[in-house]
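First up is the structure itself, then whatever we jot down about it.
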Amino acid sequence: MAELMASAATSVMGSVIGKLTAMLGEKYQLARDVEQGIRFLKDELSTMDVVLQELADKEDDQMDPVAKDWRNKVREVSYDIEDCIDRFMLNHSHGGSKANFVREAMRKVKMLWKDQGIAEEIQKLKILVTDQSERAKRYRIHHYLAASPQPVRLDPRATALFQEARDPVGIDGPREEIIQLLQVEENRHKVVSIYGTAGQGKTTLAMEVYRKITQTQAFDCRAFVSVSQTLDMKKLLRDILSQIVSTSEFDQLQSERWETEQLMRKMRDYLIDKRYFILIDDIWNVSDWELVEAALPRNDNGSRIITTTRSKTVAETCAGIDAQMYKAKPLGDDESRRLFFKRLFHSTEHCPQDLMAVSSDILRKCGGLPLAIISIAGLLANRSKTKEVWVNALKYISAAVDRDSHIDKMKRIFLLSYFDLPLYLRSCMLYLSVFPEDYLIDCRRLILLWVAEGLIPGQGRENMEQLGRSYLNELINRSLVQPIKVGADSATVKECRVHDVILEFIVSKAVEDNFVTVWNRNGFSENYSSNKIRRLSIQHDISRRPEEMVKIKEHAAHIRSINIFDPNSVLLIKNTSMFLSSQVLRVLNTETRVELLEDCYLGHVKSFGQMKYLMLEIWSSTCHCKLPKDIEKLQHLETLDVRWCTGIDKLPASITQLQRLVRLLVGAKVKLPDGIGNLQALEELSLISLGFQTIKFIQGLGDLTNLKVLGIDWWYPYAVVVRHVDVEGHKEACISSLSKLVTTLRELHVVQSARDDRLSFMASCGSTPPPLRRLVFHERRGPSVVPHQIISSLVNLTRLSIGLVSQEGINILASLPMLLSVTVRVSGDSGIRYTISSQGFQCLVKFNFDCFHGGALEFEPGAMPKLQRLMLCLEARGQFNFEQGGLVLGLQNLAGLRYVALRIHCSRATPDEVQDLEDDIRVAAGAHPNRPVLQLVAKIYQDYMAQGCSRRPRDHPMLEAQ
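Numbering of the sequence shown is given in full-length UniProt numbering, commencing with residue 1 and proceeding in unit increments.
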């Protein structure tokens, strides 16, 4: 617990020390007393940071209360110092060549007064820091750390080996799946790695596999060992040797006191010609596995190794090039109940009826984690089995652990995973506490929030985003964050979620550390009354509590980020101006769907601030929202996202003065000011409705030389009818500007209504292929057509969404060498069967085929060898025009297929046509060697189906057998 709390303190401390160092540079001409104060603070805080680093390795029950209190006060002083520094830097960062002499003179006079105030504030901070430094010496804080004993605790894995050992719940299916991965009949050496979060039953599952295989297969020797968090290689080797060599040989090894290298050599020599089976449980990192692997010889005698780990990265390393991995799955509802009730009542039938509902609520908190279920069942085993007691237990579990009580078994399991996190990851993990329960997190947005909050170290913005992605991947690999949606490259997680139980754990620690203050259905979190609000997360309706809004205003000067996830937080929206004028606020992220009864003007920005991320999501059909006219004062702003702020119809002219703006995301029909070319830092701009912009604005697009992502809408009907826009002038300006951008754009999204020669700008690269990685076309009136010569030049594309009308178009797409994901919407002759040959599409993993005009599809042998996901959108009417196999042939030729989704267009089709189409795809998927998952996504336009029967449905013996 203290480690997590200290991690937040060390995070802000590192940021403060860095800024203090910068202030001592030549850029800031400091008064002597200010410079002395800054240097004093830097030296003192650097010393305190050493102690905080040591605190990061201690839990609360290992620390004296005095040390904990000192840590908390140092953290709060660090926040106050950083706020003071930021105000000073803001005072010295504005003005510029455009200011006239009088205005510049007045600014300098004001700055002198502000600097005097800063000097006085620094003197006060010196006193606070001195007090904490003296307290550390007086109460011998460092002594408490050095003298803290390391208590010996029961390893929770040990209980997992014996709990339900004779009849484990939910094991049969996973056990057989892993046995199939092991392929014990083959002679080739094989490693299978089981990975998943702590408490998910990995050890129990691995032991069951180990037990069954050793009962049915002959091995020369076998062993089971567990790896400690800090690997003791010598002990591990001795544990293995004790199980594979004779007693006399092992006794001799013990007496000779061999070193690690000698033990490794002995083990390799012993196993080199044997068929062995070894289970290595709970490997913590890659380097540990590399040491263990070096002692285990690879041979072709049918040897097998099973490893378990919490880290996907470790699992991948263990599995090697064969990538034989198994991700431990949570128990289903029925299996969870079986395990829970078996522990408490010996069977499900013996559970009192009045406990069924509350037990379901308790189990929901466990998320199918076997060890969590067993831990809670153990908690309830010695208590009265009454509804009142169980309801109180549910509240206890939901509210997490009281800081004055012992941490229960379930929390202790999660603590093991958290304490293994490097320091740089802990603050990022704590930040997840701002999101509500079951919230689907957009991964890119999360990374941008981390960067804006200063949780990602570094200077270059692009490098910081890449590092943030790396941090997120590490959290996912450690099974602390669940990946929900993964990109076509299988390496980029787009959406993620934090398990409810883990989230409760994180929130309890973040609140205790004053890292975040949460408003939910229970009101404010416990830290609200005794601390300043540093980060505020609104997760429940606060509009009916104006008195709480008053309290928030009192803390506004210290709030660094505000995240609003409640659909009714009108009061906060109306007070946005107050927050925008804060000098310490970095993030304002609102997601509100509310029908405002009046227009919402976000007011004025009264002073320059630290704001880096501003996202306004306000869904309303009745009001208009207006951004501040003086938004240029937010000179640190990097992200402005108003895509889902439905009331905004234009942006203020001053937005073109935001020199650090990197992402500008607006909704359709929003008018932008002229001068967009001034935003030289801009890398992402969408979605721009060109019909609402001036020709001067469109010409300015060509000056955005750093632009990488662009979204444009070429739809003109409204503009032509109402505003008499010069469409030809717009067209020429578009081609000119986009021709300048084609050498830098990485992503282009185009909304259009018909064939359009404005795409000719893509040909302006000459002999150099455009660097586009992603190209998406959205058509309003059927598939538009892109010239084949343009598409064939886009050899760097990895993702494409496009409309086509011919087999030739399919063949051209197949020739693009780097495509990972393709969406094709075809139209034209309803009698065409589009053919995918073995030529091309060699890297494709995702294929969406949309054919609502009677066409069909065939995959020839060897087609799309790496395809995993196939989405079919097919028209049922007229499928019997194709004599053999229906609309899709050759599904079995997709060697890598794992998932098939089907959407059926039912308009004017008879019921038997719809059923036959579904049956055809179901039979084809069932006959595929991989047995891919089949999902019927939807049957659309069922209200327009024809009556009767066009012909007798085809018989499917396989379906009858199923």
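Note that beta-carbon positions come from the ideal geometry of N, C-alpha and C, so glycine has one too.
In this structure, the straight-line span from the alpha carbon of F692 to that of P652 is close to 15 Å. Taking the C-beta atoms as reference points, S15 is found no nearer than 8 Å to L45. For L536, the uninterrupted beta strand (DSSP E) segment begins and ends at R535 to I538. The Cβ atoms of V358 and V314 lie no closer than 8 Å to each other.
Annotation for E683: V662, R663, N706, L707, K708 and V709 place their beta carbon closer than 8 Å to its own, counting only its chain and skipping 5 residues before and after. Taking the CA atoms as reference points, T204 sits about 31 Å from L253.
For the pair of segments examined, the stretch 364–371 was found not to touch the stretch 228–245: the number of CB pairs separated by less than 8 Å stays below three.
Less than 8 Å separates the beta-carbon of D916 from that of Q879. Residue pairing for K650: DSSP places it in a beta bridge opposite K671. The beta carbon of I506 sits closer than 8 Å to those of M429, L430, L432, S433 and V498, all from its chain and outside the five residues before and after it, given in chain order.
Around the beta-carbon of S490, fewer than 16 other beta-carbon atoms lie within 10 Å, marking it exposed. Residue pairing by DSSP places F697 in no beta bridge whatsoever.
In this structure, L588 keeps its C-beta atom at 8 Å or more from the C-beta atom of L627. Taking N893 as reference, the option from V516, I476, C873 and I836 with the minimal CA-CA separation is I836. One Cα belongs to G201, the other to N522, and the distance between them is close to 33 Å.
In the DSSP secondary-structure assignment, E684 is bridged to R663 and V709. Relative to the Cα of I178, the nearest Cα in the group M325, R71, L355 and I921 belongs to M325. Only residues of its own chain outside the window of five on either side were considered, and among them G702 have a CB closer than 6 Å to the CB of K740, listed in chain order.
The three-state secondary structure of H778, taken from DSSP, is strand.
Under the DSSP definition of a beta bridge, G803 partners with R825. In this structure, Q699 places its C-beta atom within 8 Å of the C-beta atom of A733. In the three-state scheme derived from DSSP, where H, G and I count as helix and E and B as strand, W284 is classed as coil. Pairwise C-beta distances place the stretch 217–226 out of contact with the stretch 345–357, as fewer than three of them are shorter than 8 Å. For the pair E474 and K485, the CB atoms are not nearer than the 8 Å cut-off. If you draw a straight line from the Cα of R343 to the Cα of I240, it comes to about 33 Å. Between the alpha carbons of L425 and R469 lies a gap of roughly 12 Å.
Membership of E747 in the beta strand (DSSP E) is indicated by the continuous run E747 to Q752. The Cβ neighbour count for Q539, taken over all protein chains shown within 10 Å, is at least 16; the residue is labelled buried. Taking C-alpha positions only, I542 is separated from K312 by approximately 40 Å.
DSSP lists R869 and V933 as the beta-bridge partner residues of Y899.
Spanning the alpha carbons of V245 and S193 requires a straight line of approximately 25 Å.
In the three-state scheme derived from DSSP, where H, G and I count as helix and E and B as strand, M615 is classed as strand. When the Cα atoms are used, K532 and D500 turn out to be separated by approximately 27 Å.
DSSP lists V191 and I278 as the beta-bridge partner residues of I305.
K846 places its beta carbon 8 Å or farther from that of S815. Annotation for K846: no alpha helix (DSSP H) segment contains it, though the beta strand (DSSP E) segment containing it runs K846 to C851.
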